[in-house]
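Peer 1: Numbering (the working numbering), first residue to last: 981 to 1116. One structure is given below, represented as structure tokens, and several questions about it will come after.
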Amino acid sequence: MSKNASDFQTGDQVVYTPGHANGDTGHPDAEVGFVTSTNAVTVFVDYNRQGRGKPTSPGDLTLLRRGGDAPLNKGQYNGTCYRSACDRHPAPWYNHSTGHYYCTTCAFDINQANHADAMRLFGHELCTRGEHVEVS
């Protein structure tokens, strides 16, 4: 489906996926940013929170969340981290207790804080990587 600049609004959180990533929003070269403005053909995205938008083709962007809304893919595999105070992307770490996915930083913190209980209950860390489980 072709995307247009009019599909995006100021304040939207988006991820830019370069052509060589073949649409993989979890690719290491993908960048998360916020829409600062649009015109008829271009979306201007601030990737480093400095207030200046970089012109970006709408076809290279994926909407993560509308300005002010919760991320559209929060807690899903390679979506946005499920921790409420975190919006990092991608989230490849599956939490065996919550059933949702977390970013690397949050998964490390969760594993460190819950190591003894997780080992006793599950026999492994609470958050493990590489298990794609459908989350409802």
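We put the CB at the ideal spot given by N, CA and C, even for glycine. The model shown is predicted, which means the values in this text are computed figures rather than measured ones.
Between which residues of its own chain and Ser1037 is the CB-CB distance below 6 Å, once the five residues before and five after are set aside?
Peer 2: So no residue of the chain qualifies.
Peer 1: Confirm, please, whether the CB-CB distance from Tyr1082 to Cys1061 is below 8 Å.
Peer 2: For Cys1061 and Tyr1082, yes; Cβs fall inside 8 Å.
Peer 1: To the nearest whole angstrom, what separates the beta carbons of Val995 and His1076, a pair I think is in contact under 8 Å?
Peer 2: 26 Å between Cβ atoms; not a contact.
Peer 1: Report the residue from Ala1096, Asn1091, Asp1026 whose alpha carbon sits nearest the alpha carbon of Thr1108.
Peer 2: Measuring from the Cα of Thr1108, the nearest candidate turns out to be Asn1091.
Peer 1: Short of 8 Å in beta carbon distance, which residues of its chain neighbour Ser1116, apart from the five on each side in sequence? Order them along the chain.
Peer 2: For Ser1116, the predicted structure reports a pLDDT of 49, less than 50, and the residue's modelled location is therefore unreliable. The matter cannot be settled from this model.
Peer 1: Got a sec? Which residues, its chain only, sit under 7 Å from Thr1084 by beta carbon, not counting five neighbours each side?
Peer 2: The answer, listed in chain order, is Trp1073.
Peer 1: Using the C-alpha atoms, what's the distance from Ala1093 back to His1104?
Peer 2: Computed Cα separation, rounded: 14 Å.
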